[in-house]
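Here's the structure we're looking at; comments come further down.
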Amino acid sequence: MAFVKNSTSIESDFLILGSGLAGLFAALCASRHGTVTVLSKSGLPESSSSWAQGGIAAAIAADDSPALHLEDTLRAGRGLCNRQAVEILTQEAPLAIQSLQSLGVVFDQNAAGEIDFGREGGHSRRRVLHSGGSATGESFISVLIRRVRENPQIQVLENTGAVDLMSDSTRCFGTIATHAETKKNLLLRSPRTILATGGAAGLFERTTNPPTSTGEGIALAYRAGAEVMDMEFMQFHPTALHIKNGKTFLISEAIRGEGAYLLNAKGCRFMPDYHELAELAPRDIVASAIYKEMTTAGSDCVYLSLLHLDANFIRRRFTNIYESCLAQGIDITSQPIPVAPAAHYMIGGVRTDLQAKTSLEGLWACGEVACTGAHGANRLASNSLLECLVFARRAVESASEYLLKQDFTASSDQPLNILNESHLIHTPDLGKLLNEYVGIVRSHSGLIEARQRLLAIMKANHKSSSEMGNHQLVASMMIEAALLRQESRGVHLRSDFPAENPDWQKHIAFQKGKEPRFLCI
Ligand code: FAD
Ligand code: SIN
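Basically our numbering = 1-based index in the sequence shown + 43.
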C-alpha cells in the first residue's frame, strides 16, 4: 500500500518500532516488500547500537567454522540456549556480514590487508569483526542511516515514542505514539508491526547503556498480550569505567582480547585463579570474580591494566576509549583504568520463534527486545549485533509472507485513545532500587525488599499495582523472575542458592493474566 496519512494517523505495510541496528536493518529489508514507517523515541543516531564497541562475531576466518561458534555460544549460555536459534545465528552470520558490506560498511583490516579479527571473552577463536577501531556501532549505524534516509519506501518519525500497541488481544495492528516535545498523539496503523526497541539495562543506575534502553517494547508487548521470557537474566559487563563523578563508559572486552590484565585493589592479577581462560573467560565468570574481589577488599572497583601493551597500538586500535578516558583525566597507556561491572544487556525479552514471531499475531520482535533463546543464561560477547541482523531479516521474511485473514483497515479503525498517564510515571529511584537489589548478586530478602519498594513507589504515585508504568512493569518482571529462579546460573546469581540446579534447566515466561509458565526449549 502507499503511505496513507492524515493529521492523526499514518498507515503503511510495515511498522518498525526502534531505530537501532535491528530496526534500521529490518526497515531496509522490508522496503523491498512495501511501504515502511520507522518510529523512534530518539533521534536516529541514538541507540545502544551506536555505542557498540568490540564488534560483531562471525565465523569467517580460515581457522573457524559456524560449528565452533555454535559450541562457544552454547558453552557460554550455561545449558539454557535454544540450540536451533544458535544454529541459525552462527550459520547465518557470514550472510549478515556480506549484507553489511554490501550496504557500505567497511571492516578494519590488518597490515596484510585482511580482515582484522578481534578476540573477546568465551570465544575459542579470533572472530570479532570491528570497524572504526572500537567505534563499531557508530560506524554501522551511520551507514545504515544513510541508506534508510535515501530510501523512498521508508519514512522516519524521530523523537516519537510508542506508548501502547493497538491490539484486540489476539492481533496487533499498530501503535499509539506520542511526540516527545509537542506531546501530540499519533496512530500508526500497520498489519505488520516489528518491535526493535532495544534492551532495558538503561533502567539501572549504573549502566553502560544510553538513556534510550528502558525496556518499553517489552512492557508494550506484555500489555498487548504477548509472552515475555527470561527476565531474570540481565547481563552485567565486567569492565565499565568507575570514577567519582559516577560517569560510566564501557571499556571494551576487546581490550582484554589484546592482553590487558585485571588487577585487584592490592594490584594483584586475579583472573587466573578463577578460570583457565583468565581475563578471557566468559563474561558472567569475569563479572562475578570482579564482584568477589571488590567485596573481599571492600573496594568499589578493580583495575584494568594495559601498561604492558604497546601504547601506539592502543591509541590506534581503541581510539574512542583512549580519548573518552583521557577526557576523564586517565591516560590508559600509562595509568590503570578503574573499572567495575555495570548493567549492560537484557537477555530476556519478548519471546519469539525462529522467524521472530511473537505469540501475538501481527507482531514480530528482533534485536535486544526479543528473546529468541540464543543467549541462554549468558550472552557470548559480540553475538548481539549479529542477532539484530539475523533475526531482523527473518522477521521481515515472515512478516512479508503474512496474509491478512480479515480486512485490516476496518479492524484497526479504533478511536484515538487519550494516553493513559500511568505509562509515564517518572520514578527516579527505580535505577537505585535495581542496582541495590537486582544487581549482580541477588537474594530472596533483597528481592522481596525490591518488590515492596516498587509497590511503595506506585502508592506514592497513587497507582495500584495493575497500573504500573512501562518502566516499573519491566522492573517488576525482572524482580519476579529473579525470585522464582532459585539457583545461580549464568548472569543470574543468588547468594541464597549459589549452585546451578539441573531442575532449573528451563525458562520462565510471563503473559498478562496468566500464571508464570516454565518451558524447556
Ligand atoms: P538499540 O540499538 O538499543 O535501539 C533501540 C531503539 O529503539 C532506539 O533507537 C530507541 O530510541 C528506540 N526506542 C526505545 N523505546 C522506544 C519506544 N517506546 N518507541 C519508539 N522507539 C523506541 N553488542 C555486540 O554484539 N557487540 C558489541 O561490540 C557491543 N558493544 C556494546 C557496547 C555498549 C556500550 C552497549 C550499550 C552495548 C553493546 N552491545 C554490543 C550490545 C548491542 O549494542 C545491543 O544489544 C544492540 O545494539 C541492540 O540493538 P537494537 O537495535 O535491538 O536496540
Ligand atoms: C564490548 O565491546 O566489550 C561489548 C561487547 C558486547 O557487549 O558484546
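Glycine included, C-beta positions come from ideal geometry on N, C-alpha and C.
Provide the residue(s) that pair with residue i in DSSP beta bridges, ordered along the chain.
{"i": "residue 59", "result": "81, 237"}
{"i": "residue 277", "result": "389"}
{"i": "residue 272", "result": "392, 552"}
{"i": "residue 484", "result": "536"}
{"i": "residue 309", "result": "DSSP output for residue 309 lists no bridge partner at all."}
{"i": "residue 203", "result": "222"}
{"i": "residue 361", "result": "None; residue 361 has no bridge partner."}
{"i": "residue 560", "result": "552"}
{"i": "residue 381", "result": "346"}
{"i": "residue 404", "result": "214"}
{"i": "residue 161", "result": "171"}
{"i": "residue 198", "result": "80"}
Buried or exposed for residue i, please, with buried defined as at least 16 other CB atoms from any protein chain shown within 10 angstroms of its CB.
{"i": "residue 47", "result": "exposed"}
{"i": "residue 432", "result": "buried"}
{"i": "residue 377", "result": "exposed"}
{"i": "residue 437", "result": "buried"}
{"i": "residue 356", "result": "exposed"}
{"i": "residue 86", "result": "exposed"}
{"i": "residue 459", "result": "For residue 459, the predicted model reports a pLDDT of 41, less than 50, meaning its position is unreliable; a value from the coordinates is still stated below. Per the 10 Å Cβ criterion, exposed."}
{"i": "residue 299", "result": "buried"}
{"i": "residue 370", "result": "exposed"}
{"i": "residue 503", "result": "exposed"}
{"i": "residue 573", "result": "Any property of residue 573 remains undetermined from this structure, which presents the chain solely from 44 to 564."}
{"i": "residue 446", "result": "exposed"}
{"i": "residue 414", "result": "buried"}
{"i": "residue 546", "result": "exposed"}
{"i": "residue 51", "result": "exposed"}
{"i": "residue 119", "result": "buried"}
{"i": "residue 288", "result": "exposed"}
{"i": "residue 156", "result": "exposed"}
{"i": "residue 648", "result": "The question about residue 648 has no answer here: the residues shown for the chain are numbered 44 through 564."}
Taking the alpha carbon of residue i as the point to measure from, which residue in the options has its own alpha carbon closest?
{"i": "residue 59", "options": "149, 182, 231, 227", "result": "231"}
{"i": "residue 518", "options": "173, 145, 64, 259", "result": "259"}
{"i": "residue 416", "options": "130, 82, 62", "result": "130"}
{"i": "residue 484", "options": "363, 473, 532", "result": "532"}
{"i": "residue 181", "options": "241, 112, 91", "result": "91"}
{"i": "residue 196", "options": "525, 79, 373", "result": "79"}
{"i": "residue 106", "options": "168, 99, 116", "result": "168"}
{"i": "residue 387", "options": "208, 515, 326", "result": "326"}
{"i": "residue 401", "options": "95, 425, 478, 235", "result": "235"}
{"i": "residue 226", "options": "206, 215, 214", "result": "206"}
{"i": "residue 564", "options": "272, 439, 475, 367", "result": "272"}
{"i": "residue 170", "options": "100, 393, 435, 45", "result": "100"}
{"i": "residue 361", "options": "313, 328, 297", "result": "297"}
{"i": "residue 215", "options": "419, 244, 423, 265", "result": "265"}
{"i": "residue 184", "options": "263, 98, 44, 399", "result": "98"}
{"i": "residue 218", "options": "164, 53, 315", "result": "53"}
{"i": "residue 426", "options": "330, 45, 61, 163", "result": "163"}
{"i": "residue 391", "options": "103, 261, 113, 477", "result": "261"}
{"i": "residue 111", "options": "315, 69, 165", "result": "165"}
{"i": "residue 189", "options": "123, 161, 88", "result": "88"}
{"i": "residue 93", "options": "73, 439, 135, 363", "result": "363"}
Should residue i and residue j be called a contact, given that it needs their Cβ atoms to be closer than 8 Å?
{"i": "residue 407", "j": "residue 143", "result": "no"}
{"i": "residue 172", "j": "residue 158", "result": "yes"}
{"i": "residue 148", "j": "residue 177", "result": "no"}
{"i": "residue 121", "j": "residue 544", "result": "no"}
{"i": "residue 499", "j": "residue 481", "result": "no"}
{"i": "residue 256", "j": "residue 308", "result": "no"}
{"i": "residue 222", "j": "residue 203", "result": "yes"}
{"i": "residue 551", "j": "residue 536", "result": "no"}
{"i": "residue 429", "j": "residue 132", "result": "yes"}
{"i": "residue 548", "j": "residue 540", "result": "no"}
{"i": "residue 293", "j": "residue 345", "result": "no"}
{"i": "residue 303", "j": "residue 349", "result": "yes"}
{"i": "residue 268", "j": "residue 555", "result": "yes"}
{"i": "residue 56", "j": "residue 233", "result": "yes"}
{"i": "residue 275", "j": "residue 525", "result": "yes"}
{"i": "residue 67", "j": "residue 229", "result": "no"}
{"i": "residue 20", "j": "residue 71", "result": "The structure shown does not extend to residue 20, since the chain is modelled only from 44 through 564, so no value can be given for it."}
{"i": "residue 514", "j": "residue 208", "result": "no"}
{"i": "residue 95", "j": "residue 179", "result": "yes"}
{"i": "residue 520", "j": "residue 553", "result": "yes"}
{"i": "residue 389", "j": "residue 242", "result": "yes"}
{"i": "residue 330", "j": "residue 279", "result": "yes"}
{"i": "residue 522", "j": "residue 562", "result": "no"}
{"i": "residue 409", "j": "residue 424", "result": "no"}
Discussion item. Measuring CB atoms only, is the region 273-285 touching the region 382-395, in the sense that at least three cross pairs come out at less than 8 Å?
Written reply: yes
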